[in-house]
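A short worksheet on the structure shown next.
There are 2 protein chains.
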Amino acid sequence: MDSRAAAPRPTMAQIAERAGTTVPTVSKVLNGGTDVSEATRERVMSAAHALDYRRRPRTRATEPDPRAGRIVDVVVGHIEGSWIGPVLSAIEEESSAAGVDLVLTRARPDGEWIRRLLRRPSLGAILVLVDVSAAGLHTLTTAGIPVVVIDPSTRPPAEVASVGSTNWEGGRMAAEHLIAQGHTRIGVIGGLRSHLFGSARIDGLMTALRAAGVVVPDERVAFCDWDRERARSAAGAMLAARDRPTAFFACSDVMGLGVYEAADDAGLRIPDDLSVLGFDGVQESAWAMPPMTTVRQPIAEMGATAFHMLEQAHRSPRSRAAGSPASRMELETELVLRGSVAPPRPEAAAPEIDLASPTP
Amino acid sequence: MDSRAAAPRPTMAQIAERAGTTVPTVSKVLNGGTDVSEATRERVMSAAHALDYRRRPRTRATEPDPRAGRIVDVVVGHIEGSWIGPVLSAIEEESSAAGVDLVLTRARPDGEWIRRLLRRPSLGAILVLVDVSAAGLHTLTTAGIPVVVIDPSTRPPAEVASVGSTNWEGGRMAAEHLIAQGHTRIGVIGGLRSHLFGSARIDGLMTALRAAGVVVPDERVAFCDWDRERARSAAGAMLAARDRPTAFFACSDVMGLGVYEAADDAGLRIPDDLSVLGFDGVQESAWAMPPMTTVRQPIAEMGATAFHMLEQAHRSPRSRAAGSPASRMELETELVLRGSVAPPRPEAAAPEIDLASPTP
DNA sequence: TTGTATGCGTTATCAT
DNA sequence: ATGATAACGCATACAA
Chain A
1 MDSRAAAPRP
11 TMAQIAERAG
21 TTVPTVSKVL
31 NGGTDVSEAT
41 RERVMSAAHA
51 LDYRRRPRTR
61 ATEPDPRAGR
71 IVDVVVGHIE
81 GSWIGPVLSA
91 IEEESSAAGV
101 DLVLTRARPD
111 GEWIRRLLRR
121 PSLGAILVLV
131 DVSAAGLHTL
141 TTAGIPVVVI
151 DPSTRPPAEV
161 ASVGSTNWEG
171 GRMAAEHLIA
181 QGHTRIGVIG
191 GLRSHLFGSA
201 RIDGLMTALR
211 AAGVVVPDER
221 VAFCDWDRER
231 ARSAAGAMLA
241 ARDRPTAFFA
251 CSDVMGLGVY
261 EAADDAGLRI
271 PDDLSVLGFD
281 GVQESAWAMP
291 PMTTVRQPIA
301 EMGATAFHML
311 EQAHRSPRSR
321 AAGSPASRME
331 LETELVLRGS
341 VAPPRPEAAA
351 PEIDLASPTP
Chain B
361 MDSRAAAPRP
371 TMAQIAERAG
381 TTVPTVSKVL
391 NGGTDVSEAT
401 RERVMSAAHA
411 LDYRRRPRTR
421 ATEPDPRAGR
431 IVDVVVGHIE
441 GSWIGPVLSA
451 IEEESSAAGV
461 DLVLTRARPD
471 GEWIRRLLRR
481 PSLGAILVLV
491 DVSAAGLHTL
501 TTAGIPVVVI
511 DPSTRPPAEV
521 ASVGSTNWEG
531 GRMAAEHLIA
541 QGHTRIGVIG
551 GLRSHLFGSA
561 RIDGLMTALR
571 AAGVVVPDER
581 VAFCDWDRER
591 ARSAAGAMLA
601 ARDRPTAFFA
611 CSDVMGLGVY
621 EAADDAGLRI
631 PDDLSVLGFD
641 GVQESAWAMP
651 PMTTVRQPIA
661 EMGATAFHML
671 EQAHRSPRSR
681 AAGSPASRME
691 LETELVLRGS
701 VAPPRPEAAA
711 PEIDLASPTP
């Protein structure tokens with residue numbers, strides 16, 4: 001009976017011997033200590049890898065990753081807006097736990113930021129709400145920089161990973177909630193027609209509405225470029241029409257606030273006279289008066305996921321070399337019920353509808 | 361002539377002796393190394409403090425770190441909140457123009473972030489809304505890292521530069537506006553009693569009110585820890601009192617929104633039944649319904665200024681060595697008139713006042 | 001030279 | 001016992 005046949009769990013002593021150093025040094029490497037040379041670090045890590053070493057159950061508190069000193073690039077389009085806070089917060093959380101510095105760059109239209117990224121030896125880049133061309137992305141990936149795009153505005157090339165949320169499903173949930181509350185005259189405030197995720201929300205909404213026999217005529221759909229003021233006037237116009245909507249679906253909370261204003265302009269109260277359903281779940285929607293019912297995107301989780309995908313890509317560079325298709329993660333959206341959706345007033349809704357179910 | 365009379369620049373050896381340890385250990389402490397106990401760290405730092413040690417200009421180490429001087433550390437307390445967006449945006453604008461990367465770090469209570477900063481060869485650190493102890497600041501400056509604090513919550517030590525705005529003056533402007541509109545019963549929603557800049561706002565307000573013969577009794581002043589919900593209930597309580605205020609001054613826009621809610625709870629309309637004046641000028645205040653009159657702080661400019669001060673300190677390291685007093689910049693606040701302040705209703709204000717000018 | 005930074009092993013300690 | 005961690009200082013390398 002050869003006792004080696006069992007599972008002789010590798011120890012730091014073995015690693016140390018193989019790497020030609022001592023146990024404490026191995027410990028330091030594995031815990032991200034500062035007093036180790038890069039060369040020794042490498043030897044220890046490869047020895048550990050060769051022996052397939054696994055850490056014993058954590059005895060100590062935090063787990064600083066040995067890959068200390070690296071950086072991750074976070075590139076944002078618009079820094080304003082409350083989207084960015086939770087994303088940055090989440091990425092920072094993950095990166096700092098991994099001993100990776102977060103370098104924040106704003107993407108200006110001149111594209112200079114791409115060249116700066118190329119000059120930096122980073123773990124990879126996370127692009128948040130950046131309007132970047134396929135060529136730009138290609139430049140980065142060609143240079144060997146793993147890229148993860150959060151909520152891409154257009155479909156990214158195959159070699160670029162992306163993180164999003166279930167926008168279509170979110171739109172569907174919104175529709176079902178509005179229908180369940182009894183709404184049939186629904187106004188839609190879209191973002192930019194060309195935006196991938198915005199369209200998916202509307203598609204999901206429309207599909208579910210159609211399935212329920214609710215028709216949304218073209219004049220009740222407006223694309224407002226994610227702009228609150230434009231949403232306000234578009235909604236205002238719809239509310240001035242003869243058969244005004246009893247409810248609005250806005251593709252973002254900020255545009256939803258524009259609808260709030262339009263309602264105020266028209267002397268309508270929310271939710272008694274008009275229901276509003278937003279999308280995003282940012283703080284503004286919770287603070288609105290009344291608090292806005294919305295489809296929440298897991299914004300923080302999306303940031304954390306993006307970072308993990310980058311780490312993954314970094315660990316197995318094969319995927320890049322082999323040109324394997326980059327992954328796309330979709331996190332779940334969630335309907336958050338707050339105070340801005342209620343059944344339509346009977347006197348307002350019932351008498352005026354003549355357009356129920358003109359579909360098969 | 362005894363040459364010691366000049367400037368016997370303290371050395372690590374002296375610190376080591378005083379702290380009862382060796383030079384390498386001192387070096388490690390000053391560089392954020394890991395192999396030092398917390399107790400030793402303290403001893404070393406206090407010895408360094410006692411000797412008024414300043415690290416020599418960063419000697420280009422063995423490997424001329426390509427990042428040296430090319431990064432600026434931005435440390436934030438709470439990433440949430442719309443304060444952070446404009447600040448980051450402005451700093452990024454300046455730093456990227458200067459070819460400097462922005463490294464974003466979140467300050468967690470454990471203080472680990474300080475050690476990470478020590479390990480990084482940065483141009484300096486900008487602290488935004490960070491609750492940091494004097495000892496923590498001292499560690500950074502002793503290690504030769506220039507620090508600029510934006511809106512410090514307590515008075516920073518002499519060697520730390522800071523950027524703020526004219527809070528006192530802003531409070532004064534708020535008072536004068538409310539008085540000009542005819543308000544005499546004014547509720548005050550403060551932040552945290554201990555906060556430097558929050559107190560200045562209230563001081564300015566009170567001084568101007570007093571000068572106009574308006575008295576604010578204690579029960580019309582509440583400290584709500586910058587919290588919207590607490591502001592809501594505090595304002596609600598004041599509105600329920602017999603002589604309810606006709607106007608509120610809130611030390612932040614977010615707390616101002618809490619007052620909006622309290623007004624709504626009480627069935628009062630803004631500005632007809634109640635005036636509200638905020639402080640900060642963040643986006644939320646512009647988007648409130650009605651848009652909030654507020655004292656705007658030049659948030660973006662404060663960020664840009666902080667970066668410039670850092671560059672300055674970096675160019676002339678003499679100022680550090682000579683122990684010249686660090687500068688404090690105060691940028692101008694500005695009253696932004698929007699829709700939330702109007703004269704008090706005559707029927708509400710006139711009949712009930714019995715407390716006008718009980719002061720000399 | 002002197003001052004500072006870094007790598008690594010020794011010793012002591014902690015957790016099973 | 002044994003595996004792992006923590007802290008310190010020696011030896012050394014390097015910069016002015």
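Here the protein sequences come in this chain order: A and B. Quick note: the numbering used here has the first sequence finishing at residue 360, numbered continuously throughout. Quick note: the numbering used here has the second sequence finishing at residue 720, numbered continuously throughout. Backbone N, C-alpha and C define an ideal beta-carbon position, used for all residues, glycine too.
**Message:** Distance cutoff 9 Å, beta carbons only. Does Trp528 (chain B) sit that close to anything in chain A?
**Reply:** Interface criterion not met: the Cβ of Trp528 (chain B) is under 9 Å from no Cβ in chain A.
**Message:** Using 8 Å for Cβ pairs, my map puts Trp226 (chain A) next to Gly191 (chain A). What's the rounded Cβ distance?
**Reply:** Contact between Trp226 (chain A) and Gly191 (chain A) holds, since their C-beta atoms are separated by about 5 Å, short of 8 Å.
**Within 9 Å, strictly: CB atoms of Asp35 (chain A) and Thr394 (chain B)** = Their beta carbons are under 9 Å apart, which means Asp35 (chain A) touches Thr394 (chain B) by this criterion.
**Item:** Own chain partners of Ala16 (chain A) with C-beta closer than 6 Å, once the 5 adjacent residues on each side are dropped
**Value:** In chain order, Thr22, Val23 and Val26 place their CB closer than 6 Å to the CB of Ala16 (chain A), counting only its own chain and leaving out the 5 sequence neighbours on each side.
**Request:** Could you please give me the residues that DSSP links to Leu277 (chain A) through a beta bridge?
**Result:** Its beta-bridge partners are A:Phe249 and A:Thr293.
**Message:** Tell me the residue span of the beta strand (DSSP E) that contains Glu690 (chain B).
**Reply:** In the DSSP annotation of this structure, the continuous segment of the beta strand (DSSP E) that includes Glu690 (chain B) starts and ends at Arg688 to Leu691.
**Prompt:** Thr400 (chain B) lies in the alpha helix (DSSP H); which residues open and close that run?
**Reply:** Thr400 (chain B) -> alpha helix (DSSP H) spans Glu398 to Leu411.
**Message:** On the DSSP letters alone, give me the boundaries of the beta strand (DSSP E) that Ser165 (chain A) sits inside.
**Reply:** It spans Ala161 to Ser165 - the beta strand (DSSP E) in which Ser165 (chain A) sits, taken as one unbroken run.
**Message:** Below 8 Å, how does it come out for the stretch 162-170 of chain A and the stretch 219-237 of chain A: are there three or more Cβ pairs, yes or no?
**Reply:** These segments do not touch.
**Message:** Are the CB atoms of Ile486 (chain B) and Val508 (chain B) within a distance shorter than 9 Å?
**Reply:** Yes, Cβ-Cβ distance for Val508 (chain B) and Ile486 (chain B) is below 9 Å.
**Message:** What would DSSP say about Leu192 (chain A), mapped onto helix, strand or coil?
**Reply:** For Leu192 (chain A), the secondary structure class from DSSP, reduced to helix, strand or coil, is coil.
**Message:** Using only the alpha-carbon positions, how far apart do Leu257 (chain A) and Cys251 (chain A) sit?
**Reply:** Approximately 11 Å between the Cα atoms of the pair.
**Prompt:** Among residues of its own chain, excluding the 5 on either side of Arg345 (chain A), which ones have a beta-carbon nearer than 8 Å to its beta-carbon?
**Reply:** Only Thr246, Asp272 and Asp273 meet the Cβ criterion.
**Message:** Does any residue of chain A have a CB that is nearer than 9 Å to the CB of Trp586 (chain B)?
**Reply:** Contact of Trp586 (chain B) with chain A is not assigned, every C-beta pair being separated by 9 Å or more.
**Prompt:** Quick one: any contact between the stretch 491-507 of chain B and the stretch 639-656 of chain B, if contact means 3 or more CB pairs under 8 Å?
**Reply:** With a cut-off of 8 Å, the stretch 639-656 of chain B and the stretch 491-507 of chain B do not count as touching, because too few Cβ pairs lie within range.
**Item:** Buried versus exposed, by CB contacts within 10 Å (16 or more), His49 (chain A)
**Value:** Burial call: exposed.
**Request:** Locate the beta strand (DSSP E) running through Val103 (chain A), then write down its first and last residues.
**Result:** In the DSSP assignment, Val103 (chain A) falls within the unbroken beta strand (DSSP E) covering Val100 to Arg106.
**Proximal residues to Val128 (chain A) (C-beta, below 6 Å), its chain only, five neighbours per side dropped** = Cβ contact annotation for Val128 (chain A) (same chain, cutoff 6 Å, sequence separation greater than five): Val76, Val87 and Ile150, in chain order.
**Message:** At the 9 Å Cβ level, is Pro446 (chain B) part of the contact set with chain A, yes or no?
**Reply:** Output row for Pro446 (chain B): interface = yes.
**Request:** Kindly indicate which three-state DSSP category Arg70 (chain A) falls into: helix, strand or coil?
**Result:** Strand at Arg70 (chain A).
**Message:** Within 9 Å of any Cβ in chain B, is that where the Cβ of Asp264 (chain A) sits?
**Reply:** Yes, contact with chain B.
**Asked** Looking only at C-alpha atoms, which of B:Arg415, B:Thr371 and B:Asn527 sits nearest to His555 (chain B)?
**Response** Nearest of B:Arg415, B:Thr371 and B:Asn527 to His555 (chain B), Cα basis: B:Asn527.
**Message:** Using only CA atoms, which one of B:Ser559, B:Phe609 and B:Arg629 lies nearest to Ser513 (chain B)?
**Reply:** For Ser513 (chain B), the closest alpha carbon among the candidates B:Ser559, B:Phe609 and B:Arg629 is that of B:Ser559.
**Item:** Cβ shell of Pro10 (chain A) (< 7 Å), same chain only, five flanking positions each side left out
**Value:** Same-chain partners within the cutoff: Leu51, Asp52 and Tyr53.
**Prompt:** CA-CA distance, Arg108 (chain A) and Arg70 (chain A)?
**Reply:** Distance between the alpha carbons of Arg108 (chain A) and Arg70 (chain A): 24 Å.
**Message:** Distance cutoff 9 Å, beta carbons only. Does Leu487 (chain B) sit that close to anything in chain A?
**Reply:** So no, Leu487 (chain B) is outside the interface.
**Request:** Could you say which of A:Ala208, A:Gln283, A:Thr184 and A:Gln312 lies nearest to Pro343 (chain A) if we only look at CA atoms?
**Result:** Nearest to Pro343 (chain A) by alpha-carbon distance, out of A:Ala208, A:Gln283, A:Thr184 and A:Gln312, is A:Thr184.
**Request:** Would you tell me roughly how many angstroms separate the C-alpha atoms of Val701 (chain B) and Ser635 (chain B), rounded to the nearest one?
**Result:** Looking at the two C-alpha atoms, the distance is approximately 4 Å.
**Item:** Residue range of the unbroken alpha helix (DSSP H) whose run includes Ala286 (chain A)
**Value:** First-last of the alpha helix (DSSP H) with Ala286 (chain A): Gln283 to Trp287.
**Request:** Check Ile546 (chain B) in the structure and name its three-state DSSP category.
**Result:** Strand, per DSSP.
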